[in-house]
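Working notes for the structure below.
Protein chains in written order, with the numbering used here: chain A, 233 to 381; chain B, 36 to 526.
Dropping the structure here:
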C-alpha cells in the first residue's frame, strides 16, 4: 500500500471519529446516540490498526517452512480485537437501556427523558421540582418557596 | 512469598463471578463473601510484603516488556485491601433469585477489575480492567430505582464509552510514539520519546478518558444523576472505590510515563475547576443524596489538585485525601440510604436515630477538616503542598481550597441543623440498623486513624516515596529474575 492511500485511511479514520463525536454531541435520539458511538468507535479501532501498520509487510503469522518476512505489528491487532468486543457489548447494553427507557417514559428524546428523570429524582427526594429554564419567570418564582412535606 | 499470589487478586473474584450461578443451593450465597475474605487476607499479606519491597509478577513467566506485569507496591496493596473490604461491606445480601445472583456476580467483577487496576503494570491491561470496571458499574447502576435509573445509566454509558474511546486514543498515541505499552518500559523511553505536544496530547486524552470514572471536571456530569438513582450501596462503591482506582491509575501514569512540563498544570487546573464547581453545586443541591454526589466531585478535584503538586509532597497529600475520602464518602452514602431526601424530609431525624445522627456529624466534620479528625490532616497536607510551590496557579489553588471549605461548612451544617431541628411534625425515617452498623465500623477506623496520626504519617511518607520511585520501578520490572531455585531448596 502506498503512502498516499495510507494517509487516506488515516484521514478516513479521523473523519469517522469526528462524525461519531459530532453525532454524540448533536443527536437527541437515543438510537442515534448509540449509532454515533458505534461510528466513533470504528474510527478509533481503525486508527489503532493503522498505528501498527508497516508498508509492504505481511500478516503476522509465523508458519513453519516460511521465511520470517517483515510483518505488521500484531500488538495493535490484539488490542483492537479486545476493543471491538467491548464496544459491541456496551452498545448492546445501551440499546437495551434505551428500550427500557422508552417503555417507561414513551420517548426516545434525550432532552425529554432527562427532564422526566430529573422530575422523578426530585419527586423521590421530596424536593420541589426544579424551575425549568424555559418556564415563564412567574412560574419560576411561584415554584421557589420551600415545600413543607 | 510466592509472587504468583498477586494473580489471585484478579483471577479469584473473576472466576467466582462467572461460576457463581453454577454453585448449587444455599452454598451460592457464601461464595462471594468467602472470596472477598480470602482477598482481604491476600491484601494484608501483600501489604506486609510490599511495605518492605514491591512485588513483581510476570504472568506466565513471559518476561516484560513483552509479557504482562503485575506490580504491587504498598499503595497498590492497600488498595487491594480496600477493594476487598469495601466490597464486603457493600455486599448485596438482600434480594431474590436470579436478580441477586446478577448483583453478586457484578460486584465480584467490580472487585476483580478494581484489583486489576491497582496492580496492573501495562497500559493496555489498564484499559481492559478499566472497561471491566465500567461495564460492571453500568450493570450495577442500571439496577437502580425504576426508569429514572435506566435513563441515568444510559447517559452514564454514553459518557463512559466516549471516555474509553478517548483513553484508547491516548494509548494508541503512546504506542505509536514508543512502540510499547509496558509501564516500566515506557518510563524508560518516555523522557526521549514522549515529549512535546503529542506527549501532552496523549496525557490529556488518557486523563479525560479515565477521568470519567474519577469524576474529573468536564466529564463528571453522570455522577449526580447516577448517585441519585442507583442503590446507595452502588453509589457508595462507585464514589468510594471505583473513582479512587481510576485516580490511582492516572497518578501512576503521571509519575511513570508523563513527567512532562504542562501535565501537572493541566491536572491542577482541572482539579481546581472540579473542586469549585463540585462544592458550589453541592451548595445548591436540594437533597442530601445529590449534595453528597457533588461534594464527592469536589473532593476528587481536591485529590487531583494534590497529585498535581510535583514530588513526594504531592503524592503524600493526594494519597491522604484519596484514602480519607474512600473512608468517609461511602459511610455518608450509607447513611443517606434513609436520609437521602430533601432537608424537610430529614428534619428532626436525630431524635429518632441519635446514633445515626452522631455518625453523620462525625463524618461531616472529618470531610470538612475539623482538627483532630483525619480530614484535617488531609487538607493540611494539600494546603502545605500547594503553598510550597512557586506562587501563581498553585496559590490560587490553595485559595480555592480555603474558599470551598467555607462552602462545604455551610451545606454540611445545613444538613446537621436539619437533623437536630426541633420539628414537631417530623416525617424523618428511622436510620436502618445495617447502615448504622456499617458506618459505625468505618467510624471506628476513622477514629483509630485520628488517634494514631503520628505513626501513620511515617507510613504515608514511605508509601509516597515508594510510589514516586521511578528508577526502582523500572529496575524491578525489567531486570530478569534470578534463575529459578530448584524445588526443595529453601531460598
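We treat Cβ as the ideally placed atom computed from N, Cα and C, and that holds for glycine.
Rounded to whole angstroms, what is the Cα-Cα separation between residue i and residue j?
i	j	result
residue 96 of chain B	residue 102 of chain B	8 Å
residue 322 of chain B	residue 259 of chain B	11 Å
residue 482 of chain B	residue 394 of chain B	11 Å
residue 342 of chain B	residue 223 of chain B	22 Å
residue 388 of chain B	residue 472 of chain B	13 Å
residue 447 of chain B	residue 118 of chain B	27 Å
residue 301 of chain A	residue 209 of chain B	26 Å
residue 207 of chain B	residue 165 of chain B	16 Å
residue 268 of chain A	residue 59 of chain B	43 Å
residue 330 of chain A	residue 184 of chain B	12 Å
residue 488 of chain B	residue 325 of chain A	46 Å
residue 435 of chain B	residue 68 of chain B	42 Å
residue 282 of chain A	residue 272 of chain A	15 Å
residue 301 of chain B	residue 135 of chain B	42 Å
residue 199 of chain B	residue 283 of chain B	17 Å
residue 188 of chain A	residue 304 of chain A	Nothing can be reported for residue 188 of chain A: it is not among the residues displayed for chain A, which extend from 233 to 381.
residue 382 of chain A	residue 341 of chain A	Nothing can be reported for residue 382 of chain A: it is not among the residues displayed for chain A, which extend from 233 to 381.
residue 403 of chain B	residue 386 of chain B	24 Å
residue 249 of chain A	residue 274 of chain A	8 Å
Within 9 Å (strictly less), CB to CB, does residue i reach chain A?
i	result
residue 193 of chain B	yes
residue 173 of chain B	yes
residue 260 of chain B	yes
residue 161 of chain B	no
residue 238 of chain B	no
residue 144 of chain B	no
residue 395 of chain B	no
residue 265 of chain B	no
residue 139 of chain B	no
residue 200 of chain B	yes
residue 136 of chain B	no
residue 94 of chain B	no
residue 377 of chain B	yes
residue 185 of chain B	yes
residue 323 of chain B	yes
Tell me which residues share the same chain as residue i and place their Cβ nearer than 6 Å to its Cβ, disregarding the 5 neighbours each side in the sequence.
i	result
residue 348 of chain A	337
residue 397 of chain B	478
residue 246 of chain B	254
Taking 9 Å as the CB-CB limit, is residue i close to chain B?
i	result
residue 302 of chain A	no
residue 374 of chain A	Unreliable positioning characterises residue 374 of chain A in this predicted model, as indicated by a pLDDT of 48, which lies under 50. The coordinate reading is nonetheless provided below. No, residue 374 of chain A does not count as interfacial toward chain B.
residue 315 of chain A	yes
residue 318 of chain A	yes
residue 276 of chain A	yes
residue 305 of chain A	yes
residue 326 of chain A	yes
residue 254 of chain A	no
residue 323 of chain A	yes
Which residues in the same chain have their Cβ closer than 7 Å to the Cβ of residue i, if we skip the five residues on either side of it in sequence?
i	result
residue 61 of chain B	none
Starting from residue i, follow the alpha helix (DSSP H) in both directions and report where the run begins and ends.
i	result
residue 413 of chain B	409-422
residue 210 of chain B	181-213
residue 265 of chain B	No alpha helix (DSSP H) holds residue 265 of chain B; DSSP gives it neither H nor E.
residue 286 of chain B	278-291
residue 125 of chain B	Looking at the DSSP string, residue 125 of chain B is not in any alpha helix (DSSP H), and its letter there is neither H nor E.
residue 273 of chain A	262-283
residue 353 of chain B	347-370
residue 238 of chain A	235-258
residue 223 of chain B	218-228
Would DSSP call residue i helix, strand or coil?
i	result
residue 504 of chain B	coil
residue 251 of chain B	coil
residue 455 of chain B	coil
residue 45 of chain B	helix
residue 53 of chain B	helix
residue 115 of chain B	helix
residue 157 of chain B	strand
residue 341 of chain A	strand
residue 405 of chain B	coil
residue 322 of chain B	strand
residue 464 of chain B	coil
residue 377 of chain B	strand
residue 291 of chain A	coil
residue 310 of chain B	helix
Excluding the 5 residues flanking residue i on each side, which residues of the same chain have their C-beta closer than 8 Å to its C-beta?
i	result
residue 5 of chain B	Outside the displayed range of chain B (36 to 526) lies residue 5 of chain B, so it cannot be described from this structure.
residue 549 of chain B	No answer is possible for residue 549 of chain B: the residues shown for chain B start at 36 and end at 526.
Within the continuous beta strand (DSSP E) that includes residue i, where are the two ends?
i	result
residue 90 of chain B	90-93
residue 304 of chain A	Element bounds for residue 304 of chain A: n/a, residue is neither H nor E.
residue 105 of chain B	104-107
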